[in-house]
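Quick note: the sequence shown, position 132, residue 132 per UniProt numbering, numbers continuous. Notes to accompany the following structure.
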Amino acid sequence: LHPMTTRLQDGTRWPKILPSLLSQASLPSLPSEPCNFCEASANPHWRQAMQDEYDALQSNNTWTLVPSPSSTNLIGSKWVFRLKQRADGTIERYKARLVAWGYNQKPGLDYDETYSPVVKPVTIRTVLSLALSRHWPIHQLDVKNA
1 LHPMTTRLQD GTRWPKILPS LLSQASLPSL PSEPCNFCEA SANPHWRQAM QDEYDALQSN
61 NTWTLVPSPS STNLIGSKWV FRLKQRADGT IERYKARLVA WGYNQKPGLD YDETYSPVVK
121 PVTIRTVLSL ALSRHWPIHQ LDVKNA
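Structure representation (structure tokens):
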């Protein structure tokens, strides 16, 4: 174990024990996450992840193809790749996301307003407290491509 000294916000130094590099070297190495489409397309796992993402976007009617006017500022896109791991460090799945380059847009020119529905944490806590006090069943779900 290698001791490492860290500093608290008040300036107090506190020793922190980190696992040695040797113990980390004994862990199985994970494949690296690709940085671009070309790297990802060489691996069948990443190709399948990209196909799954594309199929989900299509089935959710995420976009509609239309002719682009020449005066329009088109938004580009890129693939982002991540390995999702289980608690034991093994690979749960390969995740590929197609993301838009929204930072290329200009307010007032390319869009007028944006809206992103989010729930405040206090609302979630209130609903969970209400469900608990009334003995309601609580369910969880994961919305893909949300």
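Note that beta-carbon positions come from the ideal geometry of N, C-alpha and C, so glycine has one too.
Nearest to residue i by alpha carbon, out of the options?
i, options, result
"S63", "A100, P31, T72", "Position check: residue 63 holds Trp in this sequence, whereas Ser was assumed. It is A100 whose Cα lies nearest to the Cα of W63."
"residue 150", "L141, Q48, I91", "Outside the modelled stretch of the chain, which goes from 1 to 146, sits residue 150, for which no answer is possible."
"E53", "Q140, R93, S116", "R93"
"G102", "I75, G89, K120", "I75"
"P47", "L98, P67, L65, G89", "The sequence as given places Arg at residue 47; Pro does not occur at that position. Of L98, P67, L65, G89, the residue nearest in Cα terms is L98."
"K84", "A49, L57, P107", "A49"
Quick check on residue i: buried or exposed, where buried means 16 or more other Cβ atoms within 10 Å of its Cβ?
i, result
"A87", "exposed"
"A96", "buried"
"A42", "exposed"
"A131", "exposed"
"L141", "exposed"
Rounded to whole angstroms, what is the Cα-Cα separation between residue i and residue j?
i, j, result
"V118", "I124", "11 Å"
"D55", "T72", "27 Å"
"L21", "P69", "Residue placement at L21 is flagged as unreliable, the pLDDT there being 49, under the threshold of 50; a coordinate-derived value is accordingly withheld."
"S59", "Q51", "12 Å"
"A40", "T126", "43 Å"
"K144", "L65", "22 Å"
"P67", "G89", "46 Å"
"Q105", "P121", "30 Å"
"residue 148", "S116", "Any property of residue 148 remains undetermined from this structure, which presents the chain solely from 1 to 146."
"G108", "P44", "42 Å"
"S129", "L57", "35 Å"
Handout entry: Cβ pair count under 8 Å reaching 3, the segment 100–113 against the segment 125–139
Key = No, they do not touch.
Practice task
Take every Cβ of the segment 70–84, pair it with every Cβ of the segment 30–43, and state whether three or more of those distances are shorter than 8 Å.
Solution key: yes
Handout entry: Continuous alpha helix (DSSP H) assignments of at least 4 residues falling wholly in the UniProt domain "Reverse transcriptase Ty1/copia-type" (60–146)
Key = List check, alpha helix (DSSP H) in window: 121–133.
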